[in-house]
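Residue numbers (our numbering): 20 to 83.
Shown next, in structure tokens, is the structure this report addresses.
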Amino acid sequence: MLKPKHSGQYPDRDIDCQEAVANEIRGLIASAKNAGWNEAETADAIARVAHTLIQQYANSALNK
Numbered sequence: 020m021l022k023p024k025h026s027g028q029y030p031d032r033d034i035d036c037q038e039a040v041a042n043e044i045r046g047l048i049a050s051a052k053n054a055g056w057n058e059a060e061t062a063d064a065i066a067r068v069a070h071t072l073i074q075q076y077a078n079s080a081l082n083k
């Protein structure tokens, strides 16, 4: 996983994070393809899992 380009908050940190995550997701999709899944169904599964995680993290933050 790529690290942030700078420490702390900085302009475009969110974009740098997206690029780092995208690199990892491409690798995950390649691994899934090697296991027999196609790219579209894998990308859909990733999106659904990401949506669920967003909800879980949001609920967790509200309960703190």
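Positions of the beta carbon are idealized from the N, C-alpha and C atoms, including for glycine.
The model shown is predicted, which means the values in this text are computed figures rather than measured ones.
With H, G and I counted as helix, E and B as strand and the rest as coil, what does DSSP make of residue i?
| i | result |
| --- | --- |
| Q28 | coil |
| G55 | coil |
| L47 | helix |
Terminal residues of the continuous alpha helix (DSSP H) containing residue i?
| i | result |
| --- | --- |
| L72 | E58 to L81 |
Excluding the five sequence neighbours on either side, which residues of its own chain have a C-beta within less than 8 Å of the C-beta of residue i, listed in chain order?
| i | result |
| --- | --- |
| H86 | A query on residue 86 cannot be resolved here, the shown segment of the chain reaching from 20 to 83 and no further. |
| L21 | D35, E38, A39 and N42 |
Next item on the list: Indicate whether the contact test is met: 3 or more Cβ pairs, each with one atom in the region 61 to 78 and one in the region 38 to 53, closer than 8 Å.
Entry: yes
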